[in-house]
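Chains as they are written, first to last, in the working numbering: chain A, 1 to 183; chain B, 1001 to 1160. Backbone N, C-alpha and C fix where the C-beta goes; we use that ideal spot for every residue, glycine too. Everything numeric in this text was worked out from a predicted model, so none of it was measured. Encoded as structure tokens, the structure appears first; notes follow it.
Put into structure tokens, the structure is as follows:
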């Protein structure tokens, strides 16, 4: 038999790079590296009974109302979002022991009430400021108590100690419906 | 001595491109691994608001998304412009949320079910009414862990 051995023909691989590049570009374009982030909240449990009437000293409550025009009413007077953080911090810690601010940080309650016509963006902005006030206080507390930054790496025991001193209490009242958007 | 004389000068040697596919493949695999395809096709316009106090959502399998926003332009002739809820791939109402949450719950191990988070991806420009309804519904069915999706950044909007 004529077993003539042909030299093995080499496959031309130069187009391999092109194919790989094509796939690469496809994945580059479709990739989104953003991590899902957001403000985490814990909703209060639902109960059918109307809440009990607990007597709370008025000085311990920091009421924030947002109306359908996205205006703020903080403790009965009109306010701006910019000053909310500082006012909340002062209210919670009460450094100069004023009569009308919270007795102790762990007695402070922040009450947030919005309208059904409030813009969601404004609501998040307000919520963000109130949360920022607490985060800043926790950070300060952490630095004075432990000399460490308040972060995810802080041991849970230390976090609990800080949160026992300055608990995050934000109560949301049932929304009013003066400015409901027409369907 | 002329034996070892190097030949040079007349032509520049061609750069070997044989390793190019390898390099490209490495990049390709990298992107293939980190890519997460967008699994839902958005039917509502969602531009989440900006905030600074953000937390990361840890485990993707424990999160379900509730989109709220105005219908995209191509759906406005059917669904109007009022804010709507989108679950998975279709327009839904508040009444569909319990079943949606329950379906997601079934896919999660019982031990981890209390860590399920509802991520509310809500457009910054809509009003709170519909969000309030969704929140009330979530409270009623005991799904209390909620995350308001937001982007990093500070926006100073004046009340108008």
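Chain B contact for residue i (CB, 8 Å cutoff)
i	result
residue 30/A	yes
residue 64/A	no
residue 61/A	no
residue 20/A	yes
residue 185/A	Given a span of 1 to 183 for chain A in the structure shown, any question on residue 185/A remains unanswerable.
residue 16/A	yes
residue 57/A	no
In DSSP terms, what residue i is bridged to
i	result
residue 170/A	110/A
residue 115/A	176/A
residue 949/B	Outside the displayed span of chain B (1001 to 1160) sits residue 949/B, for which this structure offers no information.
residue 1051/B	1152/B
residue 1087/B	1090/B
residue 62/A	110/A
residue 1021/B	Paired residues: none, contrary to the question.
Chain A contact for residue i (CB, 8 Å cutoff)
i	result
residue 1015/B	no
residue 1162/B	Residue 1162/B falls outside the range modelled here, since chain B spans only 1001 to 1160, and no answer is possible.
residue 1153/B	no
residue 1132/B	yes
residue 1084/B	no
residue 1088/B	no
Cβ-heavy atom distance, residue i to the ligand ADP, below 7 Å
i	result
residue 1073/B	Looking for the ligand ADP in the displayed structure turns up nothing, as the structure carries no ligands at all.
Inter-residue Cα distance where the pair is residue i and residue j
i	j	result
residue 157/A	residue 70/A	39 Å
residue 87/A	residue 94/A	10 Å
residue 56/A	residue 1108/B	41 Å
residue 1153/B	residue 1051/B	6 Å
residue 1146/B	residue 1121/B	11 Å
residue 1061/B	residue 1015/B	48 Å
residue 102/A	residue 167/A	13 Å
Distance between beta carbons of residue j and residue i, contact taken as under 8 Å
i	j	result
residue 1190/B	residue 1072/B	One cannot answer for residue 1190/B here, as it falls past the ends of chain B, which runs 1001 to 1160.
residue 43/A	residue 1138/B	6 Å
residue 1054/B	residue 39/A	7 Å
Mind checking the region 1061 to 1082 of chain B against chain A and listing, in chain order, the residues whose C-beta falls within less than 9 Å of any C-beta there? 1063, 1065, 1068, 1080 and 1082
Within 9 Å of chain B by C-beta, residues of the region 35 to 50 of chain A in sequence order: 35, 36, 37, 38, 39, 40, 41, 42, 43, 44, 45 and 46
Beta carbons nearer than 7 Å to chain A: which residues of the region 1105 to 1121 of chain B have them? 1119
If the cut-off is 8 Å on Cβ atoms, which residues from the region 73 to 107 of chain A count as contacting chain B, listed in chain order? 80, 81 and 82
Any C-beta of chain B within less than 8 Å: which residues of the region 151 to 180 of chain A qualify? 175, 177, 179 and 180
Check distances from the C-beta atoms of the region 116 to 132 of chain A to those of chain B and list, in chain order, the residues that come in under 8 Å. 116, 117, 118, 119, 120, 121, 122, 123, 124, 125, 127, 128, 131 and 132
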